[in-house]
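K.L.:
First the structure, then my questions, so here it is.
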Amino acid sequence: MAEPSAGNQPMGRRIGPLGGMVLMTGTVVGISVFVLPGELIGVAGPSITLALALTAIPMVFSILALLQLGGAMPVAGGQYVYPSRLVSPFWGFVSLCAIIPAIWSTLLFTAVGFAEFTRFFVDIHAGILATGVLLAFLVLNLSGVRLVTGIQFAMVCGIFLGALAFILPGAGQVDLGNYSPLMPAGVGPFLLAIVSLYIPFQGYSMIVELGEELKDPVKNIPRVLAIGMALAVLLSIGLVGVFAGLDSWRDLAEFGGGGIAEAAGRFLPPVVGAAVAGAAILGALTTVNSLIISYSRTLMRASRDQVLSSKLAELHPRTNVPHRAIAVLVVPPMVAAAFTPDVVLLTTFLGMIILYGNVVTAFALWNLPKRFPEHYQHSMYRLPMPLLKTAAIVSAAIAVLLWLVVLAGSPGVFAAVCAVLAAGAVGYFLRRRALLRHGVDLSDRLRHLHSHETRGASADSPPEPLPNGPTAQGAH
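Here it is, written out as C-alpha cells:
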C-alpha cells in the first residue's frame, strides 16, 4: 500500500446534495428509532409517541442554528470549529473531548442494535456480529467516500421501503385504546424518554462535519437539512406511533429492543416483520457508515489545529480519506463490542452530550454576526437578527431544561457527563502548555479559520504553511 500523503490539504468537493441527503437521512432514521421504542415503552408507556413528537421542538431551533452556521461557515468538523472560533478555544477543545466518547458510544450502541436485529434471521453471538459490522465499515470507509456514498444510497432506499411496509398496513391495525393510560409511570419517565428519543434525530448535525467535501455547501447545507429532516421526522413518528398502537404497552414491552420487528411479525403478515428487521439492520449500517464518514473529518480538522496529533490530518494518496482518523474512531468501539451496554442509560448519556453541544452551538450562533460578519452577511440562508437571537436563546434554554430532567431522573449519567467535560477542561490546559513549549499558542490558533476556509477562498486551494504548525489560519 502506498504511503500516506503528507500535509493537510483540503479534501475537495465530491459529495452532491443527494449524497449529502442520504448520508444524513441514514443517520437520522437509523437503528435508534427501531430499538429505542421497544426499550422505552416498558418505562414510559405509549407516551413515547408524544415524547418523540416533542423532540421536534428543540430540534427545530437546533436546525435553525445549523442552517445559519453551516451556510455561513461550511468547514470540515463544524461541531468542533464553531465553538472554538465563535465561543472560545477552551470550549472548542472541551467540545471535541465530549464528541469523541459520544461517537465511540454511538458506534457501539449501533453495532449492538445491528446484532439484535440480525439475530432475527441468524443465531450468531451478538458480540461477534457487532465486531464484524464495525470491521466491515472500517474497511469500506478506507476505500473512499464515493463508494461509501453509493452504498449508503441503496441502504437508505431499503430503510424507507421496510419502514413503509410496517407503517401503511399497521396503521389500519392501530387501536386508540392502547394509548391509554398515556403515562402509566408518571411524568418523570416520559421526560427521560424525550431525552433518549432525542438521539435518533441528531443525525442531521453530521452534515456540517462534511462542509469541506459537499459541493456548493453554502447552498446545499440548508437544502439537505430542510428536506432530509422533513422526511426523517415523518417516517420516525409513523414507525413509533403505529408500534405503540398495536397492543397494550405492557405486552409490547416484552419484545425489548426488537419490539417493532416482533410486533410486525405478530400483528401483520410475517413478511412485514422480516422487512422491518431488514430495515433496522440497514438503519444500523447507515448510522455506522455516516458516523465514521462525518466524525473522522472532525478528528482530521482538529489535528490540523494541532489539538490532536497531526498524523490524523493526513489523507491517503489513493483514496483521499483521513485513514488514521477513521481508525481512531472505529477501533475502540470495535474492541469493546463484546460488552453489551444498557441502551437506555447509553442513549441518555449521548443525549446529554448532544444537549451540551446545543448550548455551545447556541452561543456560537449568537456570536456569529460579531465574530465573522462577512460570513454572516454572505450566507445564502441568513436568519434575521431577531430570529437568530431567539433561536440561540430558546435552543440553549431547552437544552439546560432537559439537562435538569436528566439530573433529577438519572444523576449517575449526569455525573458521568460532567466527568467527561471536566477531563476535557484539564486536557485543554495540558495540551496548551505542551504546545507553548514548542512555540505554538493553541488559544491563538483556535481563534482563526484556515486560509482555504475564509470567505471567497477556493475549497481546493492548498493551505499556506505555518512555521510552527501544519496549516495556515487566516486572521479573519
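Numbering (UniProt numbering), first residue to last: 1 to 476.
We put the beta carbon where it would ideally sit given N, CA and C, even for glycine.
(1) Quick one: give me the first and last residue of the alpha helix (DSSP H) that valine 187 is part of.
(2) Taking the alpha helix (DSSP H) that tyrosine 80 belongs to, which residues open and close that run?
(3) Of the residues Ser379, Thr361, Leu285, Leu368, which one's Cα is nearest the Cα of leucine 140?
(4) Residues in its own chain within less than 7 Å of proline 270 by CB, not counting five upstream and five downstream?
(5) Could you round the C-beta distance between valine 276 and glycine 162 to whole angstroms and report it? I think they count as a contact, below 8 Å.
(6) Would serine 95 and glycine 424 qualify as a contact pair, given that the criterion is a beta-carbon distance under 9 Å?
(7) Give the single residue among Trp366, Leu191, Leu282 whose Cα lies nearest to the Cα of alanine 115.
(8) With 16 as the cutoff for other CB atoms within 10 Å, does phenylalanine 166 come out buried or exposed?
(9) DSSP on histidine 375, reduced to helix/strand/coil?
(10) At the level of alpha carbons, what is the spacing between proline 17 and tyrosine 381?
(11) In the structure shown, what three-state DSSP assignment does alanine 2 receive?
(12) Within 10 Å of its beta-carbon, does methionine 385 have 16 or more other beta-carbons around it, so buried, or fewer, so exposed?
(13) What separation, rounded to the nearest whole angstrom, lies between the Cα atoms of arginine 223 and threonine 27?
(14) Just mark cysteine 97 as buried or exposed, buried being the case when its beta carbon has 16 or more other beta carbons within 10 Å.
(15) For the stretch 365 to 381 against the stretch 305 to 319, do three or more pairs of beta-carbon atoms, one drawn from each stretch, fall closer than 8 Å, so that the two count as touching?
(16) With a cut-off of 8 Å, do at least 3 Cβ pairs link the stretch 394 to 405 to the stretch 51 to 71?
(17) Apart from the five residues on each side of it in sequence, which residues of its chain come closer than 6 Å, Cβ to Cβ, to proline 465?
(18) With distance defined between alpha-carbon atoms, name the residue in Thr348, Ala391, Leu407 nearest to leucine 40.
(19) Closer than 6 Å by C-beta to threonine 49: which residues in its own chain qualify, once you throw out the five before and the five after it? Chain order, please.
(20) Beta carbon of leucine 138, beta carbon of isoleucine 292: below 9 Å?
(21) Give every residue of the same chain whose Cβ lies closer than 7 Å to the Cβ of isoleucine 31, excluding the five residues on either side of it in the sequence, and list them in chain order.
(22) Who are isoleucine 15's beta bridge partners in DSSP?
(23) On a CA-only basis, which of Asn367, Lys370, His323 is nearest leucine 142? Give me that one, please.
(24) When you compare each of Gly265, Phe93, Ala136 to glutamine 173 by their alpha carbons, which one comes out closest?
(25) Between the C-alpha atoms of glycine 456 and histidine 448, what's the straight-line distance to the nearest angstrom?
(26) Measuring CB to CB, does valine 33 end up less than 9 Å from serine 236?
(27) What number of angstroms, rounded off, separates the C-alpha of glycine 177 from the C-alpha of glycine 186?
(28) Alpha carbon to alpha carbon, what distance is there between valine 272 and alanine 136?
(29) Give a yes or no on whether the C-beta atoms belonging to glycine 188 and alanine 408 are separated by under 9 Å.
(30) When you compare only the Cα positions, how much space is there between methionine 73 and valine 331?
(31) By Cβ distance, which residues of its chain are closer than 6 Å to glycine 238, with the 5 residues on each side in sequence left out?
(32) For serine 32, which of helix, strand or coil comes out of DSSP?
(33) Alpha carbon to alpha carbon, how far is aspartate 247 from leucine 164? Give it in angstroms, no decimals.
(34) If you count every other CB in all the chains shown that lies within 10 Å of the CB of leucine 86, and 16 or more means buried, which is it?
(35) Any idea what DSSP makes of alanine 277, helix, strand or coil?
P.N.:
According to the structure data:
(1) 187 to 197
(2) 78 to 86
(3) Leu285
(4) none
(5) 6 Å
(6) yes
(7) Leu282
(8) buried
(9) helix
(10) 16 Å
(11) Confidence in alanine 2 is poor, its pLDDT being 32 and thus under 50, which makes the residue's placement unreliable; the coordinate value appears in the next sentence. Coil, per DSSP.
(12) exposed
(13) 17 Å
(14) buried
(15) no
(16) yes
(17) Note that proline 465 has pLDDT 39, beneath the 50 cutoff, so the model's placement of it is unreliable and the number below is only indicative. Taken in chain order, the list of residues that qualify is empty.
(18) Thr348
(19) Val240, Gly241, Ala244
(20) yes
(21) Thr110, Gly113, Phe114, Ala280, Gly283, Ala284, Thr287
(22) Leu214
(23) His323
(24) Gly265
(25) Note that glycine 456 scores 43 on pLDDT, short of 50, meaning its location in the model is unreliable; the coordinates nonetheless yield the value given after this. Looking at the two C-alpha atoms, the distance is approximately 15 Å.
(26) yes
(27) 18 Å
(28) 27 Å
(29) yes
(30) 30 Å
(31) Ile167
(32) helix
(33) 19 Å
(34) buried
(35) helix
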